Each structure stands twice: as structure tokens, then as C-alpha cells.
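Worksheet for the structure shown next.
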Ligand SMILES: Cc1cc2nc3c(=O)[nH]c(=O)nc-3n(C[C@H](O)[C@H](O)[C@H](O)COP(=O)(O)O)c2cc1C
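Residue numbers (the working numbering): 1 to 177.
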């Protein structure tokens, strides 16, 4: 374990009854948690009382989002809009899932929203098309090599941005006005 691991918040964006989101988030949190340079916390939007504190503590965010009607879930928008400093000049990555689109339209809608909050979104994503069929009964992807490789790229880039922006925050306050 690194002496100063980056603190990663893995956000479960779906809150509906019977949701698949926790399965995807648990897998990704496991991938991130296996690295010595990261420590990982799951932020479940279905448990709103814990959200603000967990977002504030994070150096890096990963939003695990489904696609609903070509966009992302309303509870996620509410949490984004109800916070400001928590997102400021921090990196955000996306793990998306859904039907045919794999949640990619949700991700593309989220990028300009996070830009407005001075957050930096990472180009690379992990996406699951026809998501429930992509996972086995053990809650793990059926194609662990492909999914694991995508997760590794996302985490490598997030770590680069996370370390860079954490150092920058410590060196000087971010200018917002
Ligand atoms: C209200 C609703 C709208 C959806 N709209 C889309 C859509 O536009 N495109 C898509 O690919 N999948 C769509 N889906 C499928 C979901 O992305 C998929 O079922 C996903 O697993 C839902 O995530 P959740 O179970 O964590 O809530 C929709 C599902 C719901 C419930």
C-alpha cells in the first residue's frame, strides 16, 4: 500500500428497486481495491445520509451509471447539483451499463455537466452492453480479461489525474472566481 493512496469514491447512480448497479459497482470497486495506490469507498445514492461526507473525502470519482431514456438517472443529477466544492478540479471516470448502448449516451450527457463543475472527465470508459448478460451468477463479468483491461486503463488514467490534481490542490487553491 502506498503511504498516501488516492481516495476513490465509486458512486452507484441507480437507486431503483431491483437495480443492477450494485453488482457493477462491487466488481469495479474490487478491481480498484486490488491496487496499492488506491483506497476505495462505495457511495450508494440510495443511502443519501452518507453521500456528502464521502464525496468530500474523495480525490477521484468513478460514476457507475446505467442509461435511462438515453441519459443518466435523475437521482444522480440531484446529487451532482446539490454539491459544488466536492467536485471542484477533481477527476471523474465512468463505468456505464445498459441495453444496446452500454450506457454510453448517459456518459456523454454527464461530461458537460461535470465540466460546469470544473471537474475533469477521463476519456476512457468501461461499458457493459446488455449488462445483466455480461455478468455471471457470482457477480463477476463473463469476460474478465476484456473488462479487467478496460478497468485498468481507466484506473491508470484516473490515477494520473488524481495524483496531479491532488498535488495541485495542495500547492495552491483552485481559482473559481
Ligand atoms: C426507465 C428505464 C429506461 C431505460 N432506458 C434505456 C435506454 O434508453 N437505453 C438503454 O440502452 N437501456 C435503457 N434501459 C435499460 C437499463 O439501462 C438497464 O436495465 C440497466 O440495467 C438499468 O440499471 P439499474 O438496474 O441499475 O437501474 C432503461 C431502463 C429503465 C428502467
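We treat Cβ as the ideally placed atom computed from N, Cα and C, and that holds for glycine.
Note that the structure is predicted; figures quoted are calculated from it, not measured.
Let's see if you can read the secondary structure: which residues bound the beta strand (DSSP E) around residue 93? 91–98
Check your understanding: If you drop the 5 nearest sequence neighbours on each side, which residues of the same chain put their C-beta closer than 8 Å to that of residue 178?
Key -> Look at the range of the chain in this structure, 1 to 177, and you will see that residue 178 is not part of it.
query: If we count the other Cβ atoms within 10 Å of its Cβ and call it buried at 16 or more, is residue 141 buried or exposed?
result: buried
Residue 55 to residue 134 span [Cα, whole Å]
29 Å
Q.
Taking 6 Å as the cut-off, is the C-beta of residue 101 nearer than that to any heavy atom in ligand 1?
A. yes
Original post:
At a Cβ threshold of 7 Å, is residue 88 touching chain D?
Top reply: Within the model displayed, chain D is absent; a lone protein chain is all it includes.
* Asked: What is the rounded straight-line gap between the Cα of residue 32 and the Cα of residue 38?
  -> 7 Å
Ligand 1 heavy atoms versus the CB of residue 174: any closer than 6 Å?
no
- request: Can you tell me which of 139, 17, 75 and 2 puts its alpha carbon nearest to the alpha carbon of residue 48?
  value: 75
Next on the checklist: Could you check if residue 66 belongs to the surroundings of ligand 1, using beta carbon to heavy atom distance under 6 Å?
Outcome noted: yes
_Three-state class that DSSP yields for residue 83 in the structure shown_ = If DSSP states are grouped into helix, strand and coil, residue 83 belongs with coil.
(Q) Suppose you measure from the CA of residue 44 to the CA of residue 85; what does that come to, to the nearest Å? (A) 19 Å
Check your understanding: Can we count residue 189 as close to ligand 1, meaning its CB is less than 6 Å from some heavy atom?
Key -> The chain is shown from 1 up to 177; residue 189 falls before or after that span and cannot be answered.
Spatial neighbours of residue 28 within its chain, please: C-beta separation below 8 Å, excluding the five flanking residues on both sides. 10, 62, 64, 95, 126 and 151
Open item on the list: Bridge partners for residue 113 per DSSP, in chain order?
Closed with: DSSP output for residue 113 lists no bridge partner at all.
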